[in-house]
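Colleague: Numbering follows the UniProt record's numbering, with no gaps: position 116 of the sequence shown is 116.
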Amino acid sequence: MTYANAKLQEEKVFKDPVHRYVHVRDQVIWDLVGTREFQRLRRVRQLGTTFLVFHGAEHSRFSHSLGVYEIVRRIVDDIFVGRPDWDEGERLLVLCAALLHDLGHGPFSHAFENVFELDHEYYTRQILLGDTEVNAVLRKVADDFPEKVSQVIEKTYPNKQVISLISSQIDADRMDYLQRDAYFTGVSYGHFDMERILRVMRPRKNQVVIKATGMHAVEDYIMSRYQMYLQIYFHPVSRSAEVILNNILKRVKQLSQEGYTFKHEPTHFLAFFRNAITLEDYLALDESILFTYFQLWMQEGDAILSDLSRRFVNRKLFQYIDLDPGVELDKYQKLQELFKQADLNPDYYLVHDTTADLPYDFYRPGEEEVRVPIFLEMKNGELRELSRESIIVDSISGRMKRDHKIYFPLDFLEDDSIHSTIKKQILTLLREDSK
Numbered sequence: 001m002t003y004a005n006a007k008l009q010e011e012k013v014f015k016d017p018v019h020r021y022v023h024v025r026d027q028v029i030w031d032l033v034g035t036r037e038f039q040r041l042r043r044v045r046q047l048g049t050t051f052l053v054f055h056g057a058e059h060s061r062f063s064h065s066l067g068v069y070e071i072v073r074r075i076v077d078d079i080f081v082g083r084p085d086w087d088e089g090e091r092l093l094v095l096c097a098a099l100l101h102d103l104g105h106g107p108f109s110h111a112f113e114n115v116f117e118l119d120h121e122y123y124t125r126q127i128l129l130g131d132t133e134v135n136a137v138l139r140k141v142a143d144d145f146p147e148k149v150s151q152v153i154e155k156t157y158p159n160k161q162v163i164s165l166i167s168s169q170i171d172a173d174r175m176d177y178l179q180r181d182a183y184f185t186g187v188s189y190g191h192f193d194m195e196r197i198l199r200v201m202r203p204r205k206n207q208v209v210i211k212a213t214g215m216h217a218v219e220d221y222i223m224s225r226y227q228m229y230l231q232i233y234f235h236p237v238s239r240s241a242e243v244i245l246n247n248i249l250k251r252v253k254q255l256s257q258e259g260y261t262f263k264h265e266p267t268h269f270l271a272f273f274r275n276a277i278t279l280e281d282y283l284a285l286d287e288s289i290l291f292t293y294f295q296l297w298m299q300e301g302d303a304i305l306s307d308l309s310r311r312f313v314n315r316k317l318f319q320y321i322d323l324d325p326g327v328e329l330d331k332y333q334k335l336q337e338l339f340k341q342a343d344l345n346p347d348y349y350l351v352h353d354t355t356a357d358l359p360y361d362f363y364r365p366g367e368e369e370v371r372v373p374i375f376l377e378m379k380n381g382e383l384r385e386l387s388r389e390s391i392i393v394d395s396i397s398g399r400m401k402r403d404h405k406i407y408f409p410l411d412f413l414e415d416d417s418i419h420s421t422i423k424k425q426i427l428t429l430l431r432e433d434s435k
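1. Work out the CA separation of residue 178 and residue 166 for me, nearest whole Å.
2. Would you call the segment 226 to 240 and the segment 168 to 185 touching, i.e. three or more CB-CB distances under 8 Å?
3. In terms of alpha-carbon separation, which member of 7, 52, 44, 202 lies closest to residue 378?
4. Would you please state the rounded distance, in angstroms, between the beta carbons of residue 59 and residue 39? I believe it to be under 8 Å.
5. By how many angstroms is the C-alpha of residue 176 removed from the C-alpha of residue 14?
6. In or out: residue 36 buried (at least 16 other Cβ within 10 Å) or exposed?
7. Distance check for residue 327 and residue 358, CA to CA, integer angstroms please.
8. Which full runs of the alpha helix (DSSP H) of 4+ residues lie inside the UniProt domain "HD" (61 to 178), going along the chain?
9. Determine which residues share a DSSP beta bridge with residue 319 and list them.
10. Just verifying my parser: in three-state terms, what is the DSSP assignment at residue 235?
11. Just to check my reading of the structure: residue 112 and residue 249 have Cβ atoms closer than 8 Å, yes? What is that Cβ distance to the nearest angstrom?
12. Would you tell me roughly how many angstroms separate the C-alpha atoms of residue 102 and residue 374, rounded to the nearest one?
13. In angstroms with no decimal places, state the Cα-to-Cα distance between residue 64 and residue 334.
14. Buried or exposed for residue 257, going by 16 or more other Cβ atoms inside 10 Å?
15. Please list, in chain order, all residues of the same chain as residue 240 whose beta carbon is under 8 Å from its beta carbon, the five residues on each side excluded.
16. Per DSSP, what kind of secondary structure is residue 16 in: helix, strand or coil?
17. With a threshold of 16 other CB atoms inside 10 Å of the CB of residue 367, please say whether the residue is buried or exposed.
18. How about residue 154 and residue 174: do their beta carbons lie closer than 8 Å?
19. Please classify residue 193: does DSSP put it in a helix, a strand, or coil?
20. Please name the residue, chosen from 393, 267, 255, that lies closest to residue 284 on a Cα-to-Cα basis.
21. Residue 203 by DSSP, collapsed to three states: which one?
22. Can you look up residue 22 in the DSSP assignment and give me helix, strand or coil?
23. Given a cut-off of 8 Å, decide if residue 115 and residue 246 are closer than it, judged by their beta-carbon atoms.
24. Give me the Cα-Cα distance between residue 360 and residue 265, rounded to the nearest whole angstrom.
25. Rounded to whole angstroms, what's the CA-CA distance from residue 410 to residue 109? Just pull it up for me.
26. Hey, could you find the ends of the beta strand (DSSP E) residue 351 is sitting in?
27. In whole angstroms, what is the alpha-carbon distance linking residue 419 and residue 299?
28. Pull up the distance between the alpha-carbon of residue 253 and that of residue 139, whole angstroms please.
29. Taking just the CA atoms, how far does residue 421 sit from residue 431?
What follows is the structure in structure tokens.
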């Protein structure tokens, strides 16, 4: 028996709060789970700063990755098996891609990427193709197998059906994180009938479609995603923590470029400051390392870095108001000037943040990077785009939800050390915007 087809003598299971059990029978999958690169995902939270709002949201990208794998395993082993439009030869490939799709995420992924201009998808590819334990396992399957897994994750693999299982508008990735994030945040609106959706999924050439009888389950899924983005992923307090985290890293980077002497040399960040990052440098960072530095930076001589670090560690977050500088530029610029007069650096203490999401999109000829729509398979075999059959989905299709907020330290503005006239002007402007 080849390594690609090797099975464990006894099935291994992971107890999971979302899927009850994650089942592993393939030797390749078991070996991948045991690699150091995959184990690192235990030390990277799935929801970044959200744990500072929903205290249960401590789950990791490790558990999410196992969940995505389990959903795909159920699809290819239970739902697609024996169907004419499914190629059994793609089974191991899609299982590996599902398990490894988040491999390149760094600590507090989005803030970290923004400050240091990184791309987690690039590092996923580097882990898959570089001198790593993951690559060694994949190459035992075939010399070109790491490249194939990378192509699936990058959405360049020729078989679009395989890609759609882990990256589409109704894929295993979204189906896991919506339910997992809902479970750990304690909310109810992220739940939907996944069992029903899986039962009505059908392989078609280069795509996966949904039997028309399952339309209502898909509607429920899309509305769950819509609500989760509004209530969890775009939560304004979580965004406040993200703003502070982003500014901590931005301040550290600036101080390093200015030749600042740190009390504790940020050894793990030196390669990032110099833009000379190796894969080992990247893999050495996780959220436990960042929290150690945050604790150390609380004692730094730089007042901004010390304050921001203390705020993040002790959850002393910024307040916020609704304000779009694109609409109220004069007011925003006035606030910036007043913050400078109050000796509050607006680059770090008056921050504009915006969020946007498209809950469901459909194909528009001529547009680039469109999302592949969800197709329903009618009784006669015809395929119909979802929003043409569903009134609910049609009502939110192609509609961008955008939100603008300004974040600031209200406690500093209420400090008597700031000149009362300046403080009064700032608070007046902020309170006008909060009405």
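Heads up, the beta-carbon is just placed ideally off N, CA and C, and yes, glycines get one too.
These numbers come from a predicted model, not from an experiment.
Modeller: So, from the data block:
1. 14 Å
2. yes
3. 202
4. Not quite, the Cβ-Cβ distance comes to about 15 Å (not below 8 Å), so this is no contact.
5. 15 Å
6. It counts as exposed.
7. 22 Å
8. Runs of alpha helix (DSSP H) with 4 or more residues, each lying fully within the UniProt domain "HD" (61 to 178), are found at 61 to 74, 91 to 100, 109 to 116, 120 to 129, 133 to 141, 145 to 154, 160 to 166, listed in chain order.
9. 408
10. Residue 235: coil per DSSP, three-state reduction.
11. With 8 Å as the limit, residue 112 and residue 249 qualify as a contact, their Cβ atoms being about 7 Å apart.
12. 23 Å
13. 44 Å
14. exposed
15. Excluding its 5 nearest sequence neighbours in each direction, residue 240 has C-beta neighbours in its own chain below 8 Å: 317, 318, 319, 320, 407, listed in chain order.
16. strand
17. Residue confidence for residue 367 is low, a pLDDT of 41 falling below 50, so the modelled location carries little weight; the figure read from the coordinates is stated next. With fewer than 16 Cβ atoms within 10 Å of its Cβ, residue 367 is classed as exposed.
18. no
19. coil
20. 267
21. Strand.
22. strand
23. Contact check for residue 246 against residue 115 passes: the beta carbons are separated by less than 8 Å.
24. 46 Å
25. In a straight line, the C-alpha of residue 410 is about 27 Å away from that of residue 109.
26. 351 to 357
27. Rounded to whole angstroms, residue 419 to residue 299 spans 27 Å at the Cα level.
28. 38 Å
29. 15 Å
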